[in-house]
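Have a look at the structure below, then the notes.
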Amino acid sequence: DEASLMEALWELVARHAVGTAPVQRIGREHRAVKLAKEYLDAFASENVSLDTLARVAGIGPFHLCRVFRSETGLSPHAYQILVRVRLAKALLARDIPIAQVAVEAGFSDQAHLTRHFKRTFGVTPGQYRRELWPPSGERT
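With the numbering used here as the guide, the letters of the sequence shown map in order to residues 1 to 140.
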């Protein structure tokens, strides 16, 4: 399927993106975090396992967690949630049910989206949408 093909492509990119010159450890770790973030951005709505992410990044899963948090301030999972919440925010501008927005953004259900959306933006998805679409139906 397409997801497997993309995963294989990302693994090839991760494996061959470095030239033949020796790479310093910090540079390799920075590159690993960059690859992991790009993969999570590209597959925001997919369930990405830590093992898959580590393969893409070219380092072990526990080491990836340490360097990812050190560089971003977030765990890979927290970063994935943030990417999904931002995707949901963009999808809320479309005229589709919030439950569908949740699924398209990669959340298991509307309640899961609502919990993370409110934690991130301070309002629920419904409140945010009402700000986008006032009662008159006109967008601001």
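We treat Cβ as the ideally placed atom computed from N, Cα and C, and that holds for glycine.
Classify residue i as helix, strand or coil using the three-state DSSP reduction.
i, result
"Glu71", "helix"
"Arg94", "coil"
"Thr124", "coil"
"Asp155", "Outside the modelled stretch of the chain, which goes from 1 to 140, sits residue 155, for which no answer is possible."
"Pro76", "helix"
"Phe62", "helix"
"Phe117", "helix"
"Ala105", "coil"
"Glu46", "coil"
"Asp41", "helix"
When you compare only the Cα positions, how much space is there between residue i and residue j?
i, j, result
"Arg69", "His63", "10 Å"
"Gly60", "Asp51", "8 Å"
"Ser79", "Arg94", "The displayed chain sequence assigns Tyr, not Ser, to residue 79. Going from the Cα of Tyr79 to the Cα of Arg94 covers about 24 Å."
"Thr72", "Leu87", "19 Å"
"Ala111", "His30", "35 Å"
"Ala44", "Ala105", "7 Å"
"Ser108", "Arg119", "17 Å"
"Gly122", "Thr114", "10 Å"
"Arg28", "Asp1", "30 Å"
"Ala42", "Pro135", "35 Å"
"Ile96", "Lys89", "12 Å"
Which residue's Cα is closest to the Cα of residue i: the options?
i, options, result
"Arg130", "Ala44, Asp109 and Ile98", "Ile98"
"Asn47", "Gly122, Arg28, Arg84 and Lys89", "Arg84"
"Arg66", "Val33, Val103, Gly27 and Ser49", "Val33"
In its own chain, which residues sit with a C-beta less than 8 Å from the C-beta of residue i, not counting the 5 before and 5 after it?
i, result
"Leu92", "Ile98, Val101, Pro125, Tyr128, Arg129 and Leu132"
"Leu53", "Ala36, Tyr39, Leu40, Pro61, Leu64 and Pro76"
"Leu74", "Phe68 and Leu82"
Using C-beta distances below 6 Å, list every residue in its chain close to residue i, excluding the 5 sequence neighbours before and after it, in chain order.
i, result
"His116", "Ile81 and Val85"
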